[in-house]
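Step one of this worksheet: look at the structure below.
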Amino acid sequence: MRFLMIEDNADLARSVCARLALEGHAADHASSLSEADDCLAGTRYDMILLDITLPDGDGRSFLSRHRTAQADTPVIVLTARSAVSDRVDTLDLGADDYLTKPFDFAELEARCRAVLRRRGGTVSNLTEYADLIFDPLGGCVSVDGEARDLRNRELRLLEVLLSAPGRILSKDQLCDRLFSYSEPVSDNAIEVYIARLRRKLEGSKARIETVRGLGYRLVGG
Amino acid sequence: MTQATRQWLRGKATRPASLRRRLVLQLIALSAVLALVLYVAVRLGAERASEATLDGILGAATTAIAEELRSVDGGPELELSPGTFSMLAAMGEERIFHRLNLGGSAVTGYDDLPMPPDTPTALTAVFYDAPYRDAELRLAAVARSLMIDNRPTPVLVVVGQTREGQRAIAQQLANRAAALGLAVFLIAVPLSLLAAGTLLRPIGRLAEAVGRRGGHDLRPVRHPAPTELQPLVQQLNGFIARLRSTLTQTETFIAEAAHHIRTPLATLRSEAEIALRQSEDEPTRVRLRSMIRATEESARSASQLLDHATVLFRAEQPAQDRVDLGTMTAALVDRFLPTADLKDMQIVLHPPTDALVTTGDAVLIEAALRNLIDNALKYSPADSNVSVSLARDGNFARLSVCDRGRGLGGEGLADLSQRFRRGPNVGEVVGSGLGLTIVSETIAAMQGRFELTDRENGGSCATLWFPLHE
Numbered sequence: 248m249r250f251l252m253i254e255d256n257a258d259l260a261r262s263v264c265a266r267l268a269l270e271g272h273a274a275d276h277a278s279s280l281s282e283a284d285d286c287l288a289g290t291r292y293d294m295i296l297l298d299i300t301l302p303d304g305d306g307r308s309f310l311s312r313h314r315t316a317q318a319d320t321p322v323i324v325l326t327a328r329s330a331v332s333d334r335v336d337t338l339d340l341g342a343d344d345y346l347t348k349p350f351d352f353a354e355l356e357a358r359c360r361a362v363l364r365r366r367g368g369t370v371s372n373l374t375e376y377a378d379l380i381f382d383p384l385g386g387c388v389s390v391d392g393e394a395r396d397l398r399n400r401e402l403r404l405l406e407v408l409l410s411a412p413g414r415i416l417s418k419d420q421l422c423d424r425l426f427s428y429s430e431p432v433s434d435n436a437i438e439v440y441i442a443r444l445r446r447k448l449e450g451s452k453a454r455i456e457t458v459r460g461l462g463y464r465l466v467g468g
Numbered sequence: 004m005t006q007a008t009r010q011w012l013r014g015k016a017t018r019p020a021s022l023r024r025r026l027v028l029q030l031i032a033l034s035a036v037l038a039l040v041l042y043v044a045v046r047l048g049a050e051r052a053s054e055a056t057l058d059g060i061l062g063a064a065t066t067a068i069a070e071e072l073r074s075v076d077g078g079p080e081l082e083l084s085p086g087t088f089s090m091l092a093a094m095g096e097e098r099i100f101h102r103l104n105l106g107g108s109a110v111t112g113y114d115d116l117p118m119p120p121d122t123p124t125a126l127t128a129v130f131y132d133a134p135y136r137d138a139e140l141r142l143a144a145v146a147r148s149l150m151i152d153n154r155p156t157p158v159l160v161v162v163g164q165t166r167e168g169q170r171a172i173a174q175q176l177a178n179r180a181a182a183l184g185l186a187v188f189l190i191a192v193p194l195s196l197l198a199a200g201t202l203l204r205p206i207g208r209l210a211e212a213v214g215r216r217g218g219h220d221l222r223p224v225r226h227p228a229p230t231e232l233q234p235l236v237q238q239l240n241g242f243i244a245r246l247r248s249t250l251t252q253t254e255t256f257i258a259e260a261a262h263h264i265r266t267p268l269a270t271l272r273s274e275a276e277i278a279l280r281q282s283e284d285e286p287t288r289v290r291l292r293s294m295i296r297a298t299e300e301s302a303r304s305a306s307q308l309l310d311h312a313t314v315l316f317r318a319e320q321p322a323q324d325r326v327d328l329g330t331m332t333a334a335l336v337d338r339f340l341p342t343a344d345l346k347d348m349q350i351v352l353h354p355p356t357d358a359l360v361t362t363g364d365a366v367l368i369e370a371a372l373r374n375l376i377d378n379a380l381k382y383s384p385a386d387s388n389v390s391v392s393l394a395r396d397g398n399f400a401r402l403s404v405c406d407r408g409r410g411l412g413g414e415g416l417a418d419l420s421q422r423f424r425r426g427p428n429v430g431e432v433v434g435s436g437l438g439l440t441i442v443s444e445t446i447a448a449m450q451g452r453f454e455l456t457d458r459e460n461g462g463s464c465a466t467l468w469f470p471l472h473e
């Protein structure tokens, strides 16, 4: 996916763009509304992340301009304001969703997906591995053409495994991707989800292998 | 003195006086005094006038008798003229007594009739009162000298008269005067009520105009007020202006504080997440994780503190928005779905059958609901359900958020809604201890009700009652 981040705080923008790149996304940064207009004139983006307080104007004016121009790129507002009225305003002005800074990256991804799904999924980057076909946006997995019903965490676990097939991923690494840092996680939590995912993927050529003392890896194909 | 009496006395002493009452009481007291003065004046005047008339007749008759005394054959002789008779007859039904003294001893009439205190000088009547034979007499005495045996001898004529008829007339006059006074007083009472009403009407109108303003109406008062009330209105407007500027400053401060705290925290958190992804070293990863947790904690505390500040200052003067609770709840639940999904949780919404509209500050209500749903998601295990139900309950809308979390840990609402107080069973869940404080402050500002209960088979329910306004 291609993101445009409109944010005047250079540190935050750089960091979020780096984080997006880690997840395999492309991200451009505009530090003002005029820069954002330049970016949008030349490139097509799948998602805009918009800050409200910008040096050359209010993010909300960008939103109304964006909607009047009937541009169909979804916008998620990343706001540092917390007043409810501000939040409601941004949604009324046509933002697809909003997140309050600081945000959990997993939640940003989840909201991006929800927005794109609601929009009818203009982006589709299917991942194929062995006989698995994974659609991260639609949140569906099929084994040898047969759809399997996976829950959110099972999907995310599969996504992490699919991002580095054959590589050993430690329990901790998986935990960090699957659970929020603010919730308690029991020692065997990952094992529970691995077991569930294995059951859901039964019959597939792709297997989740336990590497004793080190972690898990996806093999097959 | 008992506690109750003391309180009653204090209540009496500090009860603010009503201007209307004071004005009416003073006007009534004034008219009572006027009515009394009128009564006394009329009564005294009438008594004096009738007494003077009667005294005139009595004196004239006595003088006439004295003048008609003649000396015949060495003794006095009295031949009453018809004029004197008619004067005596004019005295009406009063009883009349007379006495004639010659030289010093009574010669005719009632010889025990009281004598005047001072011996009158020639032919000028002296009047005096004296009791006589069970009656109060008004007496007139006239002295002259008569030539008897060629010697001038002092003669004293005393005529006494009862005054029963006159007293009856005076009583009648007094009764009329009393009736007049009472009438004046009775007319004065409604007139003073009317006057008090008219005088105080501008104050009432001004109070009404100020009272009609909404809680968020901070425009200056422009209502016309009488000159005497102008200083009050000016002070009020000055106060409103100061309040407005303070509120604006507070709002700006909250918004700016939020911005300046959140943005660097977002950077910190994002950087820590990247470092965690890239680091293979376990001790470093442990440190990074605790950094992220601390960021989360401070972000949450900051946002809850700011929310709490917003709630506190808005609850003072809550806006009176029309809030459709069904719509608001559905929108909020919708917002939380991706968050719930991250924990494989579901939020089950039981919407009301009809529109439930309350009047209150939408910002506060939203903050309360958000905190409840956020709590339910935060403290519940993965794969569980949170149910949000909204239904009519008499004149209230009842909103419950129920989870399968860890319950209340034996604490009650009074404990948990204290600032920064968290249950003993929160474990590692990040929180600020302000969520329930925000909820209970909001619900108190709306005059609703808030209950927290443990659920059978684990978990807890938070229930809010909002007064409905149709």
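Chains as they are written, first to last, in the numbering used here: chain A, 248 to 468; chain B, 4 to 473.
No residue lacks a Cβ here, since even glycine has one placed at the ideal position from N, Cα and C.
Measuring straight from C-alpha to C-alpha, what distance separates residue i and residue j?
i	j	result
G462(A)	F381(A)	22 Å
L465(A)	D298(A)	38 Å
I376(B)	G438(B)	10 Å
L30(B)	E454(B)	55 Å
R51(B)	E139(B)	17 Å
A38(B)	I172(B)	21 Å
L335(B)	L309(B)	20 Å
L425(A)	L411(B)	27 Å
L202(B)	P229(B)	10 Å
H313(A)	A333(B)	27 Å
R208(B)	T330(B)	39 Å
R458(B)	R303(B)	27 Å
D386(B)	F242(B)	55 Å
V324(A)	V404(B)	27 Å
R73(B)	E167(B)	33 Å
A316(A)	R204(B)	59 Å
By Cβ distance below 7 Å, which residues in the same chain neighbour residue i in space, the five residues on each side in sequence not counted?
i	result
A35(B)	F188
I257(B)	L309, A312, T313
V145(B)	T65, T66, A69, P123, L126, A128, V160
D303(A)	S279, L280, S281
D351(A)	S427
If I'm right that residue i touches residue j with Cβ under 8 Å, what's the distance once you round it to whole angstroms?
i	j	result
I295(B)	A371(B)	28 Å between Cβ atoms; not a contact.
A69(B)	V160(B)	4 Å
R360(A)	L384(A)	6 Å
L346(A)	L355(A)	6 Å
L328(B)	L393(B)	6 Å
F469(B)	A400(B)	5 Å
A277(A)	L267(A)	No, A277(A) and L267(A) are not in contact; Cβ-Cβ is about 14 Å, not under 8 Å.
Quick one: what's got a C-beta closer than 6 Å to residue i's C-beta in the same chain, skipping five residues either side?
i	result
V388(A)	F381, R395, L397
A199(B)	R23, L26, V27
F130(B)	D58, A143
G106(B)	T156
L340(A)	R307, L310, S311
Would you verify that the beta carbon of residue i is, or is not, closer than 8 Å to some beta carbon of chain A?
i	result
D284(B)	no
G461(B)	no
V432(B)	yes
P345(B)	In the sequence as presented, Pro is not what sits at residue 345(B); that position holds Leu. Cβ-Cβ to chain A under 8 Å: yes for L345(B).
H530(B)	What is shown of chain B runs 4 to 473, which leaves residue 530(B) out entirely.
I295(B)	yes
L268(B)	yes
I350(B)	no
L279(B)	yes
Shorter than 8 Å from the beta carbon of residue i to some beta carbon of chain B?
i	result
T300(A)	yes
A327(A)	yes
A353(A)	yes
F250(A)	no
R445(A)	no
A273(A)	no
N372(A)	no
L379(A)	no
Excluding five sequence neighbours on each side, which residues of the same chain lie with their C-beta closer than 8 Å to the C-beta of residue i?
i	result
E401(A)	Y440, R443, L444, K447
Ordered list of beta strand (DSSP E) runs contained in the region 356-394 of chain A, each at least 3 residues: 374-376, 379-382, 387-390
4 or more residues per run - each alpha helix (DSSP H) lying fully within the region 251-338 of chain B: 285-319
Uninterrupted beta strand (DSSP E) stretches inside the region 304-343 of chain A (no shorter than 3 residues): 322-326
Runs of beta strand (DSSP E) lying entirely within the region 133-206 of chain B, each at least 3 residues, in chain order: 138-151, 154-165
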